Amino acid sequence: MAEQNNILEKLEGLESRFEEVSTLITDPDVIADQERYVKLTREYKELGGIMDARKRYIACINSIKEAKDIIANETDADLKEMAREELQTNEALQPKIEEEIKIALVPKDPEDAKNVQMEVRAGTGGDEAALFAGDLFQMYKKYCDSKGWSLSVTSVSEGAVGGFKEIDFAVSGDNVYGTLKYESGVHRVQRVPATETQGRMHTSAATVAVLPEADKFEVNINEGDIKWDTFRSSGAGGQNVNKVESGVRLRYPWKNPNTGETEEILIECTETRDQPKNKERALSRLRTFIYDREHQKYVDDIANRRKSLVSTGDRSAKIRTYNFPQGRVTDHRIGFTTHDLTGFLSGNIQEMIDALTVAENAEKMKENEL
1 MAEQNNILEK LEGLESRFEE VSTLITDPDV IADQERYVKL TREYKELGGI MDARKRYIAC
61 INSIKEAKDI IANETDADLK EMAREELQTN EALQPKIEEE IKIALVPKDP EDAKNVQMEV
121 RAGTGGDEAA LFAGDLFQMY KKYCDSKGWS LSVTSVSEGA VGGFKEIDFA VSGDNVYGTL
181 KYESGVHRVQ RVPATETQGR MHTSAATVAV LPEADKFEVN INEGDIKWDT FRSSGAGGQN
241 VNKVESGVRL RYPWKNPNTG ETEEILIECT ETRDQPKNKE RALSRLRTFI YDREHQKYVD
301 DIANRRKSLV STGDRSAKIR TYNFPQGRVT DHRIGFTTHD LTGFLSGNIQ EMIDALTVAE
361 NAEKMKENEL
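Heads up: the sequence shown runs through residues 1 to 370, numbered per full-length UniProt numbering.
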């Protein structure tokens with residue numbers, strides 16, 4: 001009962017905030033201020049989900065009360081039986097809704113709703129590492145397809161025998177960063193490479209970086225300082241590729257706020273045959289790059305404060321092993337193992353992501369004493 005009141009008390013204050021935000025997002029002055037409007041619509045969506053859970057929770061508690069009242073005071077046997085069934089259903093439902101509300105009340109990372117820029121890079125292991133980087137990219141591509149997300153490759157450096165030395169791509173959709181952030185880190189593979197004649201097992205690695213995409217108003221870029229070059233894209237695509245200078249390269253002098261030193265950022269984009277589109281995508285990557293570097297201190301502070309096992313922000317940490325002889329994938333942060341390696345590499349990674357999300361939410365709940 002005490003817990004019930006505690007949950008309802010926490011939701012009480014949010015109800016008035018939900019009503020306030022509902023009014024604000026229809027205000028023309030707020031709509032004109034893009035930065036504020038985006039933040040408020042995000043908050044409105046989150047609070048809407050909590051309000052829906054609150055409604056279901058109150059209905060569940062009332063149904064339990066009514067059913068108990070009928071069992072205690074009614075004489076009709078059929079009515080009592082129906083009430084018992086109702087009571088059983090709602091008593092099983094109550095802890096589930098409570099858990100859902102507790103998770104919803106955990107403070108959200110404001111980055112979670114963002115789209116991402118991802119990079120998969122071959123690490124130790126030569127050709128085999130490049131092939132594994134290719135496997136990881138295909139895994140993410142299939143997963144994004146299954147979620148209905150849009151994935152677009154921004155730059156590629158292919159491996160000598162296949163796969164990629166490095167591949168950069170953007171993913172957009174619903175809650176992309178909140179889902180994919182757990183993938184940042186070193187992924188290790190243990191298998192007998194196709195090129196190995198002696199049948200010996202090799203260990204190779206690839207690193208994955210997942211960066212939240214910066215909104216236009218979050219990073220201050222002086223576009224007059226950007227030096228642009230254009231060049232002919234190489235690769236498949238027929239004669240047009242060689243005739244049209246659609247590839248773009250930008251150089252930007254950026255003052256690192258942490259060191260005070262100016263460094264040059266170099267970004268290339270050859271994704272489309274349309275030069276203006278490539279320019280827009282190169283700018284988007286520049287914003288994300290600067291945002292990531294400027295926010296790294298903030299990410300490190302959170303990681304140090306929380307000592308989170310799950311998303312530490314440390315991209316050099318070995319997070320997962322893909323063992324082919326045993327057909328298993330193990331995540332070292334939470335000790336979660338699946339024995340469906342083939343399915344996992346075919347994009348069936350949701351169960352792993354769910355387990356990581358649950359582990360991180362449990363840490364946050366402990367921290368917030370929910």
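We treat Cβ as the ideally placed atom computed from N, Cα and C, and that holds for glycine.
Remember, predicted model here, so these are calculated numbers, not experimental data.
8 Å or more divides the Cβ of residue 123 from the Cβ of residue 163. Runs of the alpha helix (DSSP H) spanning 4 or more residues and lying entirely within the region 5-72 occur at 28-32, in chain order. When rounded, the separation of the alpha-carbon atoms in residue 356 and residue 182 is 7 Å.
Cβ-Cβ separation between residue 168 and residue 155: approximately 5 Å, consistent with a contact (criterion under 8 Å).
Going by beta carbons, residue 202 and residue 188 fall outside the 8 Å limit. Pairing residue 288 with residue 39, the inter-Cα distance amounts to about 18 Å.
By the CB criterion at 8 Å, residue 213 and residue 284 fall inside the cutoff. Residue range 164-172 is occupied by the beta strand (DSSP E) that includes residue 169. Contact check between the region 95-107 and the region 357-367: three or more CB pairs, one atom from each, fall below 8 Å, which counts as touching. The Cβ atoms of residue 7 and residue 179 lie no closer than 8 Å to each other. At a Cβ-Cβ threshold of 8 Å, residue 264 and residue 249 do not count as neighbours.
For residue 322, the uninterrupted beta strand (DSSP E) segment begins and ends at 318-323.
Within the DSSP secondary-structure output, residue 337 pairs in a beta bridge with 330. In this structure, residue 56 and residue 97 form a Cβ contact; the two beta carbons are roughly 6 Å apart against a cut-off of 8 Å. The C-alpha of residue 157 lies about 53 Å from the C-alpha of residue 94. One alpha carbon belongs to residue 77, the other to residue 84, and they sit about 10 Å apart. When only Cα atoms are considered, residue 87 and residue 68 end up about 7 Å apart.
Ranked by Cα distance from residue 159, the first of 193, 174, 121 is 121. Judged by their CB atoms, residue 153 and residue 211 are not nearer to each other than the 8 Å cut-off.
When DSSP assignments are scanned along the region 174-223, the uninterrupted stretches of beta strand (DSSP E) that are 3 or more residues long and fall wholly within it turn out to be 185-191, 202-212.
Under DSSP, no beta-bridge partner is assigned to residue 95.
Scanning its chain for C-beta atoms nearer than 6 Å, with the 5 sequence neighbours on each side dropped, one finds around residue 322 the residues 189, 329, in chain order. Each residue's CA atom was taken as its position, placing residue 258 and residue 340 some 44 Å apart. Cβ neighbours of residue 31 within its own chain (closer than 6 Å, five residues either side excluded): 37. Secondary-structure assignment with DSSP links residue 119 through a beta bridge to 168, 209. Straight-line spacing of the CA atoms in residue 15 and residue 51 works out to 7 Å. Our two residues, residue 72 and residue 99, have alpha carbons roughly 29 Å apart in a direct line. Residue 20 counts as exposed, since fewer than 16 other beta carbons sit within 10 angstroms of its beta carbon.
One thing to note: residue 128 has its Cβ within 8 Å of the Cβ of residue 204.
Rounded to whole angstroms, residue 176 and residue 219 show a C-alpha spacing of 20 Å. Annotation for residue 327: 339, 340, 341, 342 place their beta carbon closer than 8 Å to its own, counting only its chain and skipping 5 residues before and after. Boundaries of the beta strand (DSSP E) around residue 152: 150-158.
Sequence-distant Cβ neighbours of residue 292 in its own chain, meaning closer than 6 Å and more than five residues away, are 211. Taking C-beta atoms as the reference points, residue 274 and residue 246 count as a pair closer than 8 Å.
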